[in-house]
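Each residue of the sequence shown is one higher than the one before, counting from 1 in our numbering. Take a look at the structure set out below.
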Amino acid sequence: MKFSWILWSIFAFLFGVMLFQLIQEKNNPLNEVVKTQVNEGITQAVNKVVKETEIQIEENQLWVEVDLGNQVQKVIVREGKDMIREMPCSGGTDEDPTVMGKFYLENRGEWFYSERFDEGALYWVRFYEEYLFHSVPVDKEFNIIEAEKAKIGSPASHGCIRLLEEDAKWFYENVPDDTLVVIHD
């Protein structure tokens, strides 16, 4: 009888600890799960980032902030709290939104072309699945599509983060893989 009471006490204690951790996780705004509609009707859960101050950043840590909530959308490359470079960008439209949350740069390439969209881009850097930082769209001959370039600073992409060609090249050359990316509105 005493042994079963000890087992029951241990179980109750562990259950209480797990319940406390679950409540703590649920109340953490960085872990809030938000359903976001993405391309082709797929719904994915992404972490919602509420405020920059809730992200733990080391003093000399290189990281990227993407602000899609202002009148002019922008990418800010930072070292700790210091701004290294600010660049206008275009995020996704209402029909094809950019995912929000915390990501890490994965890999990169000099160019791509999509038959599906009949356009490509230069200097792409992946941050999540098919979501990339890249130049404004180019045609099959790698010419910038001027009508798309004119949209920089406002929502215009299929979910990626578009940058001016010179900014996309700088980003490609200066921001390494595994760099933290925080995207918010």
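Cβ coordinates follow ideal geometry from the N, Cα and C atoms, glycine included. Values in this document were obtained by computation on a predicted structure and should not be read as measured data.
message: Along the chain, where does the beta strand (DSSP E) containing Ala121 start, and where does it finish?
response: 119 to 128
- prompt: When you compare only the Cα positions, how much space is there between Glu115 and Val77?
  reply: 31 Å
- request: Kindly identify the DSSP beta-bridge partner or partners of Tyr131.
  value: Tyr128
- prompt: Nearest to Ile84 by CA position, among Asp178, His184, Ser157, Asn174, is which residue?
  reply: Asn174
task: Put Phe171 into one of helix, strand or coil per three-state DSSP.
output: Correct three-state label for Phe171: helix.
message: My output table needs one value for Glu59: the three-state DSSP class, helix, strand or coil.
response: In the three-state reduction of the DSSP assignment, Glu59 falls in the coil class, being assigned neither a helical nor a strand state.
message: Can you give me the C-alpha to C-alpha distance between Asn143 and Val99, rounded to a whole angstrom?
response: 28 Å
- request: Would you please state the rounded distance, in angstroms, between the beta carbons of Tyr128 and Cys160? I believe it to be under 8 Å.
  value: Contact doesn't hold; Cβ gap of about 10 Å is too wide.
task: Report yes or no: do the stretch 89 to 104 and the stretch 64 to 73 share at least 3 C-beta pairs separated by less than 8 Å?
output: yes
CB of Leu122 within 9 Å of CB of Asp178, strictly: no
- prompt: Roughly how many angstroms lie between the CA atoms of Asn70 and Ala156, to the nearest whole one?
  reply: 14 Å
query: Given a threshold of 16 other Cβ atoms within 10 Å of its Cβ, counted over all protein chains shown, does Val72 qualify as buried or as exposed?
result: exposed
query: alpha helix (DSSP H) containing Glu115: first to last residue?
result: Unbroken run through Glu115: none, as it is neither H nor E.
- request: Within the same chain, show all residues whose beta-carbon is closer than 7 Å to that of Ile57, passing over the 5 residues directly before and after it, in chain order.
  value: Around Ile57: Trp63, Gly80.
message: Taking the straight line between their C-alpha atoms, what separation do you get for Asp82 and Ile183?
response: 17 Å
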